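One line per chain: the protein sequences are A and B, in this order.
In this text, residue positions in the first sequence follow the working numbering: the first is 56, and each later residue adds one.
In this text, residue positions in the second sequence follow the working numbering: the first is 78, and each later residue adds one.
Note that beta-carbon positions come from the ideal geometry of N, C-alpha and C, so glycine has one too.
What you are looking at is a predicted structure, and each value in this text was computed from that prediction instead of being measured.
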Amino acid sequence: AQSVTQPDIHITVSEGASLELRCNYSYGATPYLFWYVQSPGQGLQLLLKYFSGDTLVQGIKGFEAEFKRSQSSFNLRKPSVHWSDAAEYFCAVGAVSNYQLIWGAGTKLIIKP
Amino acid sequence: DGGITQSPKYLFRKEGQNVTLSCEQNLNHDAMYWYRQDPGQGLRLIYYSQIVNDFQKGDIAEGYSVSREKKESFPLTVTSAQKNPTAFYLCASQLRDTFSRSNQPQHFGDGTRLSIL
């Protein structure tokens, strides 16, 4: 079955600390992978995407993610978080021939001052 | 600037009433989507449309209806058959890159929060 798992419902980190949000997927075809961020009461904003090529992708707001095919993972990282990064983060996977995305349940990031 | 506009931002439904959520995009995107978001459940697909005058059911289409008469517009009607409509509804659009046959990312509106009176 196709699925996306974000194992952490909530993560709390101190401002200035590093961050890693986990995303594991199960998908039969070559995956296209995405990370989106959602602030409360808002829509989703694309942080970064992986289609092919270099497995380390850079996104907006200082985020990066690494595609590891052997581990079926696409973890999101940031070296130093800011209070404005507090939001919910969603991982999604799709395929070139498929318009539909499969979404993870999201990870809520809480920043400690 | 191009984007996706959802209206209204807040909507209240009475028992037995149908309500329609608006979604308009000026990105010239081919595909449009409606998602429902409930706390702790991520996004669930209601309906999607790849071209004008065509749409397909998603995972939770029961109690909802859509139309796609124009490329720019994809309204969602929440019917009285939807017994638990309270949720945050998100509309998205996507460009189909016909040259490389790749999908581009979905772009989202700011959502409509629907509640029951």
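Between the segment 138-150 of chain A and the segment 71-80 of chain A, the count of C-beta pairs closer than 8 Å reaches three or more; the two stretches touch. A straight-line Cα-Cα distance of about 28 Å links G108 of chain A and L120 of chain B. Beta-bridge annotation (DSSP): H106 of chain B is not paired with any residue. In terms of Cβ geometry, R173 of chain B and D131 of chain B do not form a close pair [threshold 8 Å].
For K148 of chain B, the three-state secondary structure derived from DSSP is coil.
Counting only the Cα atoms, A158 of chain B lies some 16 Å from L194 of chain B. For I115 of chain A, the secondary structure class from DSSP, reduced to helix, strand or coil, is helix. Taking 9 Å as the upper bound on Cβ-Cβ separation, chain B lies near residues Y87, F89, Y91, Q93, G96 of the segment 67-96 of chain A.
Put simply, the segment 108-126 of chain A does not touch the segment 83-98 of chain B. Fewer than three CB pairs are less than 8 Å apart.
In the three-state reduction of the DSSP assignment, Q155 of chain A falls in the strand class. Q133 of chain B carries a strand assignment under DSSP once its states are collapsed to helix, strand and coil. For the C-beta of W158 of chain A, the chain B residues within less than 9 Å are, from N- to C-terminus, Y112, G119, L120, R121, L122. In terms of beta-carbon proximity, Q155 of chain A lines the interface with chain B, with at least one pair separated by less than 8 Å.
Listed in chain order, the non-local C-beta contacts of L153 of chain B below 8 Å within the same chain comprise T97, L98, C100, W111, I123, Y124, Y141, S142, V143, Y166, C168, local neighbours out to five positions each way being set aside. Residue environment: K134 of chain B is assigned as exposed (fewer than 16 neighbouring CB atoms within 10 Å of its CB, all protein chains considered). Using beta-carbon distances, G98 of chain A counts as an interface residue toward chain B, with a partner under 8 Å. For the segment 124-135 of chain B, the set of positions with a beta-carbon nearer than 8 Å to some beta-carbon of chain A reads Y125, Q127, G135 in chain order. Residue contact with chain B for K116 of chain A: absent (no Cβ-Cβ distance below 8 Å to any residue of chain B). Of the residues assessed, T162 of chain A falls on the buried side of the cut-off, its CB having 16 or more other CB atoms within 10 angstroms. Of the residues assessed, P85 of chain B falls on the exposed side of the cut-off, its CB having fewer than 16 other CB atoms within 10 angstroms. Closest option to G83 of chain A, judged by alpha-carbon separation, among A:Q100, A:I165, A:V59: A:V59. Taking the Cα of K167 of chain A as reference, the smallest distance to any Cα among A:E70, A:H65, A:Q61 is reached at A:E70. Listed as beta-bridge partners of F106 of chain A by DSSP are no residues whatsoever.
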